[in-house]
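In the working numbering, the protein residues as written are 157 to 326.
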């Protein structure tokens, strides 16, 4: 019960608005990707769960976690899972983002949030910060920080969400 109350408080404080009829959130954001294209969250919804992973090049736990996120992305992206890595690097350090991503051969989409506006909307205050969304964009869970083993818990939640959404379609 406490988990649901905490989630409700997060949703309210994040300023999410829900449509009366189907409880779908009316939220979207648009950010620039590494190629200078503007990408909206809504482009990635509807296919499966979406993980918003807020990180920065100066964040050691973020960089430690990213290879695990890449492995999860590779394992589940063909099943509808999307990982959006949202860089919180400021304009001062933003030039390091693309070289870092390319050097590690990460293949998930990377978006730039140089002013932290999207992170603030999700009430994140520690990096890494993650918000796991269902295919409709509803927040299923949020997580702050990284401890080895967190990736296993995250993977099980993604797999469970994929199964639930697949069952709902049938």
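All C-beta atoms in this analysis are idealised placements derived from N, C-alpha and C, irrespective of residue type, glycine included.
Just to confirm before moving on: does the CB-CB distance between residue i and residue j stay below 8 Å?
| i | j | result |
| --- | --- | --- |
| residue 197 | residue 209 | no |
| residue 204 | residue 288 | no |
| residue 188 | residue 211 | no |
Does DSSP put residue i in a helix, a strand or coil?
| i | result |
| --- | --- |
| residue 283 | coil |
| residue 277 | helix |
| residue 177 | Caution is warranted here: a pLDDT of 36 is assigned to residue 177, below 50, making its placement in the model unreliable, and the coordinate value is therefore given only provisionally. Residue 177 falls in the coil class under three-state DSSP. |
| residue 190 | coil |
| residue 209 | strand |
| residue 317 | helix |
| residue 220 | helix |
Between which residues of its own chain and residue i is the CB-CB distance below 6 Å, once the five residues before and five after are set aside?
| i | result |
| --- | --- |
| residue 186 | 194 and 196 |
| residue 307 | 224 |
| residue 264 | 229, 239 and 241 |
Using CA atoms only, rank isn't needed, just tell me which of the options is closest to residue i.
| i | options | result |
| --- | --- | --- |
| residue 191 | 289, 227 and 268 | 268 |
| residue 353 | 291, 312 and 321 | As displayed, the chain neither begins before 157 nor continues past 326, which places residue 353 out of reach and without an answer. |
| residue 271 | 290, 288, 286 and 248 | 248 |
| residue 234 | 273, 206, 305 and 301 | 206 |
At which residue ranges does the stretch 284 to 312 contain complete beta strand (DSSP E) runs of 3 or more residues, listed in the order of the chain?
The DSSP assignment places 285 to 289 and 295 to 300 as complete runs of the beta strand (DSSP E) inside the stretch 284 to 312, in order along the chain (cut-off: 3 residues).
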